[in-house]
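Residue numbers (the numbering used here), protein chains in the order written: chain V, 1 to 191; chain R, 1001 to 1191. Glycine is no exception: its CB is placed at the ideal position from the N, C-alpha and C atoms. The next block holds one structure in the form of structure tokens; read it before the comments.
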DNA sequence: ACAGGATGTCTAGCGTTGCTATGATGGGGT
DNA sequence: ACCCCATCATAGCAACGCTAGACATCCTGT
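Now the structure itself:
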């Protein structure tokens, strides 16, 4: 009863992750509008209903992909911040890593920040990876700065605006580096 | 041949606008996911195919709504900028008007800036109302500032990020005024 | 004034979407 | 060895965007 059901649970968990990565790969290859439950089921070589035995619906699958994305983004931001030689350059490094993440994985970024989601932000039940991302921005400002959370929010907002407007072609995508430079110097100016 | 066809053309133009406003009202009342061609057709009291005799498809209807939105936003920003007593306060006034627009007409704002669109931004065939909005931001900076377009892009990006993250609950929506204050003073600092 | 043609509108339907009820199948427990 | 339950696929539902073809309506030319 135990060894067998344990194996089954392992297989189930493995298939769970398989669905997530398949959704992600499909989205990154052809965009989220190409991610249908049928194509996804075909890709994992199961029928549609198994998707619904793992997730409450398509939105939940997208949310799971997004959560994976937050783990990666948090790691990337952390790495960037630690690699910065001085605190003054930490903010710039983190911002650059953020924009890089957004431009190199546009579909993943969309799942995290654009598509409608049930993920709770900025609340008690915020998933840890999500808060970790935010905290990387906060950590770029001095601990005795009372408004560092506000600073982080605005920095994040500005980067998000740049990323999404550039991705959808609403601002020319070529000058992101200049914009980044501007926003960092302006915000760090009295940070 | 002329008077009659003129009347028809008037009726057609009137119906054209009727579709646009109906789509907008429906979106603002129940969100864009509730705007289906069937419901829209029922609302304007015509059958579905008439929608396709006026627009190339649903996306084109959304784009038309967005274009109307840009006209209104441009007017609102212009009003705000003119009402500002000093140039130093013009930027703040325009930014505030922008955020007000985004929070009070979230569905319209989505059509303009979030939903996938064919509208050309920042190019030769950019529709005038669209460019007018951008120019209101540019006009907040000194004419002999070579980088005023960059300033405008970053300002716009930051506001857009704040607006969309607050609307989707990804940052607490209550502190927009503080964020606005921060971003304006930081950017205007060396504007 | 009347037939003919063009214009405009609706009914009906196609293919696809997210999602689910039902039935078969095969391995595990006693 | 047999039953039984969990697991999975087939098939189908309602709703979606969109379109072909039938129908009606009104203008035009003789």
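Is the beta carbon of residue i sitting closer than 9 angstroms to the one on residue j?
i: residue 1175(R); j: residue 153(V); result: yes
i: residue 1090(R); j: residue 1132(R); result: no
i: residue 1077(R); j: residue 1137(R); result: yes
i: residue 113(V); j: residue 160(V); result: yes
i: residue 1098(R); j: residue 1163(R); result: yes
i: residue 41(V); j: residue 35(V); result: no
i: residue 1110(R); j: residue 1188(R); result: no
i: residue 1194(R); j: residue 47(V); result: Examination of residue 1194(R) is not possible in this model, given that chain R is present from 1001 through 1191 alone.
i: residue 1044(R); j: residue 1007(R); result: no
How would you call residue i, buried or exposed, if buried means at least 16 neighbouring beta carbons within 10 angstroms?
i: residue 106(V); result: buried
i: residue 88(V); result: exposed
i: residue 1001(R); result: Confidence at residue 1001(R) is low in this model, with a pLDDT of 48, below 50, so the placement of that residue should be treated as unreliable; the coordinate-derived value is given next. Exposed: under 16 other Cβ atoms inside 10 Å.
i: residue 1059(R); result: exposed
i: residue 69(V); result: buried
i: residue 1009(R); result: exposed
i: residue 1017(R); result: exposed
i: residue 1158(R); result: buried
i: residue 1124(R); result: exposed
i: residue 155(V); result: buried
i: residue 1054(R); result: buried
i: residue 1186(R); result: buried
i: residue 1104(R); result: exposed
i: residue 38(V); result: exposed
i: residue 1012(R); result: exposed
i: residue 178(V); result: exposed
Which whole-angstrom value describes the C-beta separation of residue i and residue j, a residue pair presumed to lie in contact below a C-beta threshold of 8 angstroms?
i: residue 1135(R); j: residue 1063(R); result: At roughly 21 angstroms, the Cβ-Cβ gap does not stay under 8 angstroms, so residue 1135(R) and residue 1063(R) are not in contact.
i: residue 1020(R); j: residue 1065(R); result: 6 angstroms
i: residue 61(V); j: residue 23(V); result: 5 angstroms
i: residue 122(V); j: residue 1172(R); result: 5 angstroms
i: residue 93(V); j: residue 129(V); result: About 20 angstroms; that fails the 8 angstroms criterion.
i: residue 1096(R); j: residue 1180(R); result: 6 angstroms
i: residue 143(V); j: residue 67(V); result: Not really, about 28 angstroms apart at Cβ, beyond 8 angstroms.
Using DSSP with H/G/I as helix, E/B as strand and the rest coil, what is residue i?
i: residue 1103(R); result: helix
i: residue 1052(R); result: helix
i: residue 1040(R); result: helix
i: residue 187(V); result: helix
i: residue 1119(R); result: coil
i: residue 1192(R); result: Residue 1192(R) is absent from the structure shown; chain R starts at 1001 and stops at 1191.
i: residue 182(V); result: helix
i: residue 1015(R); result: helix
i: residue 71(V); result: helix
i: residue 1001(R); result: Low confidence applies to residue 1001(R): its pLDDT is 48, below 50, so where it sits in the model is not reliable, and the reading given next is rough at best. Note: residue 1001(R) maps to coil in three-state DSSP.
i: residue 1076(R); result: helix
i: residue 157(V); result: helix
i: residue 1151(R); result: helix
i: residue 170(V); result: coil
i: residue 21(V); result: helix
i: residue 1114(R); result: coil
i: residue 1035(R); result: coil
i: residue 6(V); result: helix
i: residue 1084(R); result: coil
i: residue 1097(R); result: helix
i: residue 127(V); result: coil
i: residue 1139(R); result: coil
i: residue 1059(R); result: helix
i: residue 45(V); result: coil
i: residue 30(V); result: helix
i: residue 177(V); result: helix
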